[in-house]
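Heads up, the sequence shown is in the working numbering, so the first residue is 113 and it goes up one at a time.
Remarks on the structure that follows.
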Amino acid sequence: MTSATVLRPAAAFVTATSLDEALAVLTEHGDVARAIAGGTDLMLQLRRGELAPGVLVSLGRLAELAGIAEHETSTGPSVRLGTTTTHRMITGSARLADALPALVRAAGLVGGRQTQTVGTIGGNIANASPAADLVPPLAVYDAQVVVRSGDAERSMPVLEFITGRRATALLPGELITAVDVPIPAGRTASTFLKVGRRAAMEISIASMAVRVVVGDDDIITDARIAIGACGPKPFRAVDAEVALVGNAPTREVLSTAGHAAVAAASPIDDRRGTARYRTQLIPRLLARAVADAVAQAATVTDKGQTL
Ligand SMILES: Cc1cc2nc3c(=O)[nH]c(=O)nc-3n(C[C@H](O)[C@H](O)[C@H](O)COP(=O)(O)OP(=O)(O)OC[C@H]3O[C@@H](n4cnc5c(N)ncnc54)[C@H](O)[C@@H]3O)c2cc1C
């Protein structure tokens with residue numbers, strides 16, 4: 113075996129049989145302990161020697177942390193996705209395809225079949241890659257990440273949870289348990305676009321999620337734009353959103369919004385693409401995503417039903 117292929121063994125591997133047990137082990141071992149869900153990111157990081165946790169706590173057996181459930185809140189219906197809900201479970205949900213299509217589209221573009229079968233929503237968020245494909249759609253849907261420690265629960269918007277490249281607000285002893293996503297109401301539509309070296313199986317060079325609410329004459333009355341892989345973490349292009357609101361998506365409006373989105377980005381050169389290429393992609397993705405979303409919204413009634 114070469115040193116590159118040596119899997120550095122963790123001091124202990126605990127297969128938690130309950131959420132309380134997982135939290136107790138994480139609390140006991142503090143920052144030397146690490147959760148493992150599908151392992152698609154973590155195993156690579158261990159193999160590369162980027163991480164050397166003393167204890168790995170597997171969440172794989174915790175049925176209570178997987179699944180998709182809809183519930184009513186004071187502000188309307190919302191979907192709770194358990195943290196170990198896999199990309200495949202997301203793409204297989206007819207309800208999510210209807211309510212949160214940008215999220216379903218993103219999950220369907222994560223890696224290949226194998227990665228989608230074991231990779232989880234919680235792992236995608238906690239890994240905090242600038243290119244994490246589920247994060248831009250979750251941001252445009254105003255998703256909240258639910259975090260538990262031994263005796264407390266807190267939740268925060270996904271872009272607050274991710275604090276930087278590979279950095280999160282997660283404290284030692286805490287776990288993501290779920291992601292809450294309000295279901296958009298009214299004449300709203302959303303989409304997700306991704307540019308990779310191949311369509312799927314490939315980390316994004318740039319990605320974008322767009323959600324719009326559209327009134328009469330295609331006037332955009334509300335807009336959310338979130339961009340991935342063009343900065344240290346996914347971000348909302350707020351000035352671009354402002355440029356869209358109150359307008360129909362004419363060529364001029366899209367161009368203004370595209371420039372504003374570029375100004376919000378801080379892309380870098382890496383082995384997947386150059387900063388220059390990413391800068392060129394942003395306005396193109398924006399124009400296509402907004403046009404697609406506005407066209408889709410034309411097929412939705414004010415009550416959110418598809419015509
Ligand atoms: C071949 C390949 C292709 C890929 N392609 C893509 C792609 O196209 N797009 C994309 O976005 N990603 C891609 N990925 C990355 C990865 O598959 C996803 O990010 C996946 O969703 C990670 O989930 P996981 O369950 O495997 O996470 P794990 O590897 O188990 O964990 C990842 C990180 O999250 C932490 N973690 C996991 N669950 C929790 C929790 N509940 N609470 C706190 N911390 C937690 C772990 O400690 C670890 O730090 C790819 C990976 C591979 C190997």
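Glycine is no exception: its CB is placed at the ideal position from the N, C-alpha and C atoms.
Remember, predicted model here, so these are calculated numbers, not experimental data.
May I ask you to check if the CB of residue i is nearer than 8 Å to at least one heavy atom of ligand 1?
i    : result
M155 : yes
S267 : no
S241 : yes
H141 : no
T275 : no
S130 : no
S316 : yes
T232 : yes
I148 : yes
G285 : no
D292 : no
G262 : no
G385 : no
L246 : yes
I288 : yes
L282 : yes
A181 : no
Who are the near neighbours of residue i in its chain, counting only those whose CB is closer than 7 Å to its CB and skipping five residues on each side?
i    : result
A424 : Outside the displayed range of the chain (113 to 419) lies residue 424, so it cannot be described from this structure.
T197 : A178, G179, I180, T232, I233
H141 : G166, V167
Does DSSP put residue i in a helix, in a strand, or in coil?
i    : result
A149 : coil
G385 : strand
A335 : strand
I317 : coil
E162 : coil
V144 : helix
R192 : strand
E286 : coil
T114 : Any reading at T114 is ruled out, since the residue's pLDDT is 38, under 50, leaving its predicted position unreliable.
P269 : strand
D292 : strand
V247 : helix
T280 : strand
L212 : coil
I380 : coil
S367 : helix
V137 : helix
R217 : helix
G204 : coil
R173 : coil
Near residue i, what residues of its chain come up, given a Cβ to Cβ distance below 6 Å and the 5 sequence neighbours on each side ignored?
i    : result
L193 : I180, I233, V291
I274 : A240, T280, K345
T139 : G262, G285
A255 : V270, V291, V293
T117 : Interpretation of T117 is limited by its pLDDT of 42, a score under 50 that renders its predicted location unreliable; the figure taken from the coordinates is listed afterwards. Result list for T117: empty, nothing under 6 Å.
F125 : L168
L356 : I332, A335, A369
Q408 : A301
So, does the CB of residue i fall closer than 9 Å to a CB anywhere in chain D?
i    : result
V357 : Of the protein chains in the structure, only one exists, and it is not chain D.
Please return the same chain residues whose Cβ sits closer than 8 Å to the Cβ of residue i, not counting the five positions on each side in sequence.
i    : result
L282 : A238, V259, F273, I288
T114 : A caution first: T114 carries a pLDDT of 38, below 50, which makes its placement in the model too unreliable to give a value.
Among the options, whose alpha-carbon lies nearest the alpha-carbon of residue i?
i    : options                : result
E364 : C342, V402, Y253       : V402
R278 : E265, G235, V307, R309 : G235
V247 : Y389, G220, F347       : F347
T333 : V354, I315, A341, A134 : V354
A399 : G343, R383, R323       : R323
G385 : A352, V307, D143       : V307
T187 : Q408, I295, V257, A149 : I295
L135 : T152, L250, L171       : L171
E133 : L174, R217, S316, S267 : L174
R396 : A128, Q157, G358, A321 : A321
Counting pairs of Cβ atoms below 8 Å between the region 297-304 and the region 319-328, do you hit three or more?
-> yes
Segment contact flag, the region 208-227 with the region 157-175, C-beta cutoff 8 Å, min 3 pairs = no
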